[in-house]
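Read the structure below first, then the notes.
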Amino acid sequence: MVTKRTAKSKGNTFEYECEFNLKHKYQDIRAVEKRGFVMGYDLISDYGKVVIECKFHKSMTWNELVKIYLVLDKRKPQGYQPLVIYKTNQQPVLVFYKHEGMKYCIMQFNEMFGKEFEKRPKGYTKSLKGR
Numbered sequence: 005m006v007t008k009r010t011a012k013s014k015g016n017t018f019e020y021e022c023e024f025n026l027k028h029k030y031q032d033i034r035a036v037e038k039r040g041f042v043m044g045y046d047l048i049s050d051y052g053k054v055v056i057e058c059k060f061h062k063s064m065t066w067n068e069l070v071k072i073y074l075v076l077d078k079r080k081p082q083g084y085q086p087l088v089i090y091k092t093n094q095q096p097v098l099v100f101y102k103h104e105g106m107k108y109c110i111m112q113f114n115e116m117f118g119k120e121f122e123k124r125p126k127g128y129t130k131s132l133k134g135r
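Position in the sequence shown counted from 1, then plus 4, gives you our numbering.
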């Protein structure tokens with residue numbers, strides 16, 4: 005059987021992979037969609053005070069990243085740091101953020117979080133259902 009991978013399923017898969025890869029840093033990280041909220045961001049950690057938007061596209065321009073970041077910055081709860089974690093085809097996973105008092109920055113996921121980005125194990129999303 006041949007299955008067709010849609011852009012939405014590609015994005016959802018990337019969100020789960022981001023959540024899996026950030027568990028070592030933020031144990032309480034969760035996808036807001038699973039909790040029934042439509043908050044304008046994909047992941048949140050109350051302990052780490054971060055909100056994260058996950059994007060997986062064929063390509064991504066600087067201007068697109070800035071727009072995504074500005075929308076996320078408006079929707080985040082007070083006191084939380086917005087991060088955009090994104091991946092484009094044939095490229096590593098990157099993190100777009102604004103450093104205090106600086107301009108926008110991009111850093112590789114492994115440099116930002118001290119861990120290589122890995123594919124999540126099979127069945128990982130099933131273990132999250134019901135949380």
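Quick reminder that beta carbons are idealized off the backbone N, C-alpha and C, glycines included.
Residue i, enclosing alpha helix (DSSP H) - first and last residue
i	result
K78	66-79
E115	113-117
Within 9 Å, strictly: CB atoms of residue i and residue j
i	j	result
N93	K123	no
R34	E23	yes
V88	F117	no
K53	Q85	yes
N25	F113	yes
Local conformation of residue i per DSSP, three classes
i	result
E120	coil
Y108	strand
Y90	strand
Y4	Since the displayed the chain opens at 5 and closes at 135, residue 4 lies outside it and no answer follows.
K126	coil
Extent of the continuous beta strand (DSSP E) to which residue i belongs
i	result
H61	54-61
P96	Careful: P96 lies outside any beta strand (DSSP E) and carries neither H nor E.
I48	47-49
Cβ-Cβ separation, residue j to residue i (assumed contact under 8 Å), whole Å
i	j	result
S49	Y30	4 Å
F60	K91	5 Å
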